[in-house]
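Enquirer: Position 590, counted from 1, in the sequence shown is what the UniProt record's numbering calls 590; the numbers after and before it change by one each time, with no gaps. For every residue, glycine included, the Cβ atom is placed at its ideal position computed from N, Cα and C. All values derive from a computational prediction rather than experimental measurement. Below you'll find the structure I mean.
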Amino acid sequence: LMERKTRVKTKWRKVMQAKLRKSCSCTPKKLKNFLMDFLPVLRWLPKYQCKEYIWGDMMSGLVIGIILVPQAIAYSLLAGLKPIYSLYTSFFANIIYFLMGTSRHVSVGIFSLISLMVGQVVDRELLLAGFDLNDDTSPTMGDGSLQNDSHSNTTAFNLTIAGMNAECGKECYAISIATALTFVAGVYQVLMGIFRLGFVSMYLSESVLDGFATGASLTILTAQVKYLIGIKIPRSQGPGMLVITWINVFRNISQANLCDVITSAICIVVLVTAKELGDRYKHKLKFPLPTELIVIVVATLVSHYGKLNEVYASSVSGAIPTGFIAPKVPRFNLMLRVAVDALPLAIVSFVFTVSLSAMCAKKYAYTIRANQEMFAVGFCNIIPSFFHSFATSAALAKTLVKTSTGCQTQVSGVISAMVVLLVLLFLAPLFYSLQKCVLACIIIVSLRGALRKFQDVPARYHANKMDTLVWVITMFASALISTEIGLLVGIVFSMLCIIVRTQRPRTTLLGQIQDTSFYEDDLEYENLTSVPKVKIFRFEAPLYYANRNYFLKSLYKLTDLDPNLEAARRKKYKKKEKQSLKKEDHTIANGLGSGETTQQLVPKQIDFQVLVVDCSSISFLDTTGVNTLKEILKDYKDLNISVLLACCNPSVIDSLKRGGYFGEDLASMQEMLFYSIHNAVQFAKDQK
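Structural data, given as structure tokens:
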């Protein structure tokens, strides 16, 4: 006989007072620990093993820096901003994560999906402000001032609703929207860290994230097509953007720029070939080939000396200024406009960063602190937003490159930041003649991993049909509606799938494995023997208000007995029997037997006397669940059928006790509750 341990009642008031007293106390030691927890670099940097780590960190830092520069310039197209802002973002994100991050290997910076989400908000707000989204105008040869733009967008515009200066042009307004969005997203992440809301990421399943990434990749691919072939079409916004963009592409395909088409074809062939060769021979290469940088350098030289912009009207990046712009506080009025958009941005940024950090920590046997990662990503957004930067996240591709090139610590991030700084201070103007179609090619080729998810659909479907459906729904919603709505649809649909699974779970009757004390599914296994006069019913889900009716329906169907109908039938039989007795003399006189009239009213013959409910898969009961079990206990008792419960976990037993299932004194509990199915069956046989 197993007895439950006596629980010691927790005095929550005293516990909370002790925690508050501990949290609010301030000692030198505690202050030091807080500072070192908030800035993990103070813990590991003094222990840095220079001779062992420096070479790997320098190599990986240089490689990532070389990759960052072309990607930063390319992803500015996705964000709808000038390339200089992408370089700022890459620089500050690496420095701040070096100070605050707990992962040694993850690469934080610009990320295609995050850039796309920023770009969609920027485009929407530009349209609402009355700006023209067509960014294919000829670049000016001015001083690269960030306050000037093409003539169509520098006219004085009344932006008092948004709290902006009337002289602020399209580019100025776009970066103001991006910084406000980034600041709010960072604040959300810090607040989530303070209130320890990291559990929110658990609701983003792998299927939802993969579907979201694939759908967003289709949107990114669609947005870059016009640059690939050099046509000028309006940038679409809102639901159906993907379809509308492709319709506009085919309508204007006759206007394609032959120079851009040829350049795009050459760049894609070179980039894809280099990527495939790099993947095939990566075990022989000490570091990946800087293909993007080589393509950008060669393409820039060809465009400059071939005068592709002047002769063939090929769209180029334009002037990229050097140095840093004076810091500027993000505008509060704009924050109110983008507060809702910042929430999915904050969640996606955090989830990708923590998942990649956890992956690296598991691979290289160290631990990360998810809450500190939330703070790190949050401040990677808050602080750079004052320096004309936009939202950041960890990026899978760069993280894999970082680990493969010998990275040991986040010192490599500082090296990468120095490479970006070199470009910012001296080399940025050299990219003036770089064609936009080359940047579009780099973006599209970088989507190979996400687009290859389509190849995994058959294997995914074979593994789990429900997860495949979640992936498909999320992917289509992200591509056809919007990335934010697609993510929300994926989360809601995946949660609905879980609810449906618990509403209509698997139910079955069990049979005994011969010569053993074990019982299994009668439909799944052969050579099982049924126990005479005993039915064993298994319900593979929690029993709560949403699946109560399904529980009863399945039980009645499998046992071939509805106690309510049977009780009604018996009452009717007794009533008819009394009536037949009164008329017995009359029926005998007419030569009719009483048995012939009552034959149709005989109660159903029941083939079992004991019902055993296997509760091993019932994880919890709510009030409705307890009342349901009490109901079947009473209904079957009226038919002289005993109901026994087996394999209940402690929480289920507690719920039954509180619900009065065993009566007030719990005296009959040992005759109603058993720790195994076999014990219940043996008890039923002994009570025969």
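#1: Candidates Leu434, Ala319, Lys465, Ala541: which alpha carbon is nearest leucine 293's?
#2: Name the DSSP bridge partner or partners of phenylalanine 539?
#3: In terms of residue numbering, what span does the beta strand (DSSP E) encompassing alanine 646 cover?
#4: Output the distance between the C-alpha atoms of valine 122 and tyrosine 305, rounded to the nearest integer angstrom.
#5: Among Asp37, Gln17, Lys82, Leu31, which one has its Cα closest to the Cα of glutamine 372?
#6: Which full runs of the alpha helix (DSSP H) of 4+ residues lie inside the segment 207-285, going along the chain?
#7: I think leucine 430 touches threonine 300, with their Cβ atoms under 8 angstroms apart; what is that distance to the nearest whole Å?
#8: If you drop the 5 nearest sequence neighbours on each side, which residues of the same chain put their C-beta closer than 6 angstroms to that of threonine 405?
#9: According to DSSP, simplified to helix, strand and coil, what is leucine 673?
#10: Determine the direct distance from the alpha carbon of glycine 486 to that of arginine 337, and round the result to whole angstroms.
#11: Using 10 angstroms around the beta-carbon of serine 349, count the other beta-carbons present and answer buried if the total reaches 16, otherwise exposed.
#12: Quick check on this structure: which residue in Leu666, Met672, Asp560 has the alpha carbon closest to the alpha carbon of cysteine 615?
#13: To the nearest angstrom, how far is the alpha carbon of serine 642 from that of valine 681?
#14: Taking serine 317 as the reference, which of Pro327, Gly663, Ser303, Lys571 has the closest Cα?
#15: Under the rule that 16 or more other beta-carbon atoms within 10 Å means buried, what is serine 23, buried or exposed?
#16: Where serine 315 and asparagine 309 are concerned, what is the direct C-alpha to C-alpha distance, given to the nearest angstrom?
#17: For aspartate 614, list the residues DSSP reports as bridge partners.
#18: Does the separation of the CB atoms of isoleucine 84 and proline 458 fall below 7 angstroms?
#19: Helix, strand or coil for lysine 9? Go by DSSP, reduced to three states.
#20: Please classify valine 329: does DSSP put it in a helix, a strand, or coil?
#21: For glycine 486, which three-state DSSP category applies?
#22: Do threonine 214 and alanine 463 come within 7 angstroms of each other at the CB atom, strictly closer than that value?
#23: Is alanine 103 near leucine 68, with beta carbons less than 7 angstroms apart?
#24: Measure the alpha-carbon distance for valine 423 versus proline 384 and round it to whole angstroms.
#25: Would you call the CB atoms of alanine 479 and alanine 342 closer than 7 angstroms?
#26: Work out the CA separation of leucine 78 and alanine 216 for me, nearest whole Å.
#27: In the DSSP assignment, find the alpha helix (DSSP H) that holds tyrosine 53 and state where it starts and stops.
#28: Start and end of the alpha helix (DSSP H) containing glutamate 125?
#29: Is the segment 218-228 touching the segment 501-519 in the sense that three or more CB pairs, one from each, lie closer than 8 angstroms?
#30: Give the single residue among Cys380, Arg538, Ser651, Leu611 whose Cα lies nearest to the Cα of residue 691.
#31: Could you tell me the boundaries of the beta strand (DSSP E) in which aspartate 521 lies?
#32: Mind listing, in chain order, the continuous alpha helix (DSSP H) runs of no fewer than 4 residues lying wholly within the segment 164-200?
#33: Evaluate serine 517 with the Cβ neighbour count: other Cβ atoms within 10 Å of its Cβ, from every protein chain shown; 16 or more gives buried, anything less gives exposed.
#34: Using 8 angstroms as the Cβ pair cut-off and three pairs as the minimum, do the segment 408-424 and the segment 124-134 touch?
#35: Tell me alanine 346's beta-bridge partners as DSSP assigns them.
#36: To the nearest angstrom, how far is the alpha carbon of leucine 356 from that of serine 676?
Expert: The relevant details are as follows:
#1: Leu434
#2: Thr507
#3: 642-646
#4: 34 angstroms
#5: Asp37
#6: 241-251, 258-280
#7: 7 angstroms
#8: Met59, Ser60, Val63, Phe287
#9: strand
#10: 21 angstroms
#11: buried
#12: Met672
#13: 11 angstroms
#14: Ser303
#15: exposed
#16: 6 angstroms
#17: Arg538, Ala646
#18: no
#19: coil
#20: coil
#21: helix
#22: no
#23: Looking at the sequence shown, residue 103 is not alanine but serine. Not closer than 7 angstroms, so no.
#24: 18 angstroms
#25: no
#26: 11 angstroms
#27: 50-79
#28: 112-129
#29: no
#30: Shown here, the chain extends from 1 to 688; a query on residue 691 therefore has no answer.
#31: 519-521
#32: 170-194
#33: exposed
#34: no
#35: In DSSP, alanine 346 forms no bridge with anything.
#36: 43 angstroms
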